Amino acid sequence: MVNSIRDSLDENDIISEIKLKLSQDKKKVFVVVEGEDDKKLFLPLLSANSEILQSYSSSIGVNKIVQYYFKDKRVIGIRDKDYFQKPINEQCFFCDYSCAEMMIISVDTCFERLYCNCYKGEMSSNKLRIHCLERLEKLSKLRKLSFINDWGVEFEKTKPGKFYQESIDNMNNAIIADLNIRNPQSPIDAERVRMCEELPKCSELADYLLITNGHDFINLFCNIVTTKHHQVAIDKIETTLRATFGKNEFSSTKLYKQLLDYQNENNITIVQ
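With the first letter of the sequence shown counted as 1, position 148 gets the number 147 in numbering that gives the first Met the number 0; the numbers rise by one all the way through.
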């Protein structure tokens with residue numbers, strides 16, 4: 000019953016809720032995030048004066064809510080950057096790199112903790128991180144090109160872990176074949192492959208982190224861990240990843256610094 004009620008909610012319901020709460024508490028800050036996992040991530044990281052609400056319409060909902068309250072500085076949004084160049088306005092903040100998962104994975108100590116909890120193989124943590132990112136590079140670039148050029152390719156049902164191979168080329172070919180089966184009206188044809196291959200090759204960690212989809216990374220990481228070593232459920236990996244990211248790690252991010260600047264400028268409290 001509770002889940003069915005939640006499933007029926009949208010950003011308009013959250014706007015109504017914020018309207019009521021803004022008038023009840025003149026000091027509280029309302030932070031709108033994309034989903035339940037984001038609430039779990041930021042709840043221990045933001046100040047007790049901040050109330051976190053999910054948009055129920057992903058990043059689109061975050062944008063709509065923040066735009067609605069553009070003149071009230073106590074309503075802000077935190078969302079994934081994805082492939083946008085800049086936030087919709089000054090009250091909307093991007094996670095570092097492409098998304099929340101990549102923000103966490105960028106921190107060596109966080110990925111080391113995830114690695115130690117889940118991986119039983121022979122690669123070092125840094126090598127495993129790059130190993131995954133390299134095998135997602137082409138898929139990540141296709142996602143970016145589809146977004147920029149409005150190709151309308153549906154990526155969500157293509158799970159890269161299913162096609163994991165040591166050979167990057169063979170894995171890419173298998174992923175593209177699956178995408179084309181699922182997107183007969185908008186396939187990845189030779190011209191789109193050419194456009195992808197003309198993009199600069201990722202040469203350092205930050206290049207990968209800026210374009211990689213967090214769900215793609217976790218799906219591939221989970222497959223490598225479970226097929227080669229031992230069984231680990233994907234929800235455990237997601238939970239462990241969030242748990243590695245504490246206040247110390249958060250305070251080193253660009254997102255934290257932006258939130259701190261914003262709270263100082265507007266005399267409100269968001270971060271501790």
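Where is the CB? At the ideal position from N, CA and C, for every residue including glycine. In this text, all values refer to a predicted model and were calculated from it rather than measured experimentally.
- Exposed is the label assigned to residue 183, since fewer than 16 other Cβ atoms lie within 10 Å of its Cβ.
- A direct Cα-Cα distance of roughly 9 angstroms separates residue 221 from residue 118.
- Note on geometry: alpha-carbon atoms of residue 176 and residue 264 lie some 51 angstroms from one another.
- In the three-state reduction of the DSSP assignment, residue 94 falls in the coil class, being assigned neither a helical nor a strand state.
- Residue 73 places its beta carbon 8 angstroms or farther from that of residue 93.
- Ranked by Cα distance from residue 113, the first of 63, 201, 238, 15 is 238.
- Residue state for residue 78 is assigned as strand, using DSSP reduced to three classes.
- For residue 49, the enclosing beta strand (DSSP E) starts and ends at 49-53.
- Here residue 55 has 8, 9 as same chain residues with Cβ atoms under 6 angstroms from its own Cβ, once five neighbours each way along the sequence are excluded.
- Counting only the Cα atoms, residue 135 lies some 12 angstroms from residue 161.
- The beta carbons of residue 27 and residue 18 sit no closer together than 8 angstroms.
- By the 16-neighbour rule on beta-carbons within 10 angstroms, residue 75 is buried.
- Residue range 189-197 is occupied by the alpha helix (DSSP H) that includes residue 192.
- Here residue 209 has 96, 97 as same chain residues with Cβ atoms under 7 angstroms from its own Cβ, once five neighbours each way along the sequence are excluded.
- Taking 8 angstroms as the upper bound for CB-CB distance, residue 137 and residue 171 are in contact here, some 5 angstroms apart.
- About 7 angstroms separates the CB atoms of residue 82 and residue 147; that is less than 8 angstroms, so the two are in contact.
- Taking C-beta separations shorter than 8 angstroms and ignoring five residues to either side along the sequence, the partners of residue 131 in its chain run 216, 219, 220, 223, following chain order.
- Pairing residue 193 with residue 185, the inter-Cα distance amounts to about 15 angstroms.
- Rounded to the nearest whole angstrom, the CA to CA distance from residue 174 to residue 141 is 11 angstroms.
- DSSP places residue 244 outside both helix and strand once states are collapsed to three, so it counts as coil.
- Proximity of the region 246-262 to the region 97-110 meets the contact definition, three or more beta-carbon pairs being nearer than 8 angstroms.
- When DSSP states are grouped into helix, strand and coil, residue 28 belongs to the strand group.
- The three-state secondary structure of residue 21, taken from DSSP, is helix.
- Relative to the Cα of residue 204, the nearest Cα in the group 150, 269, 120, 110 belongs to 110.
- Within the region 101-176, there are no complete beta strand (DSSP E) runs of at least 3 residues.
- By the neighbour-count criterion, in which a residue is buried when 16 or more other Cβ atoms sit within 10 angstroms of its Cβ, residue 33 is buried.
- The C-alpha of residue 230 lies about 13 angstroms from the C-alpha of residue 120.
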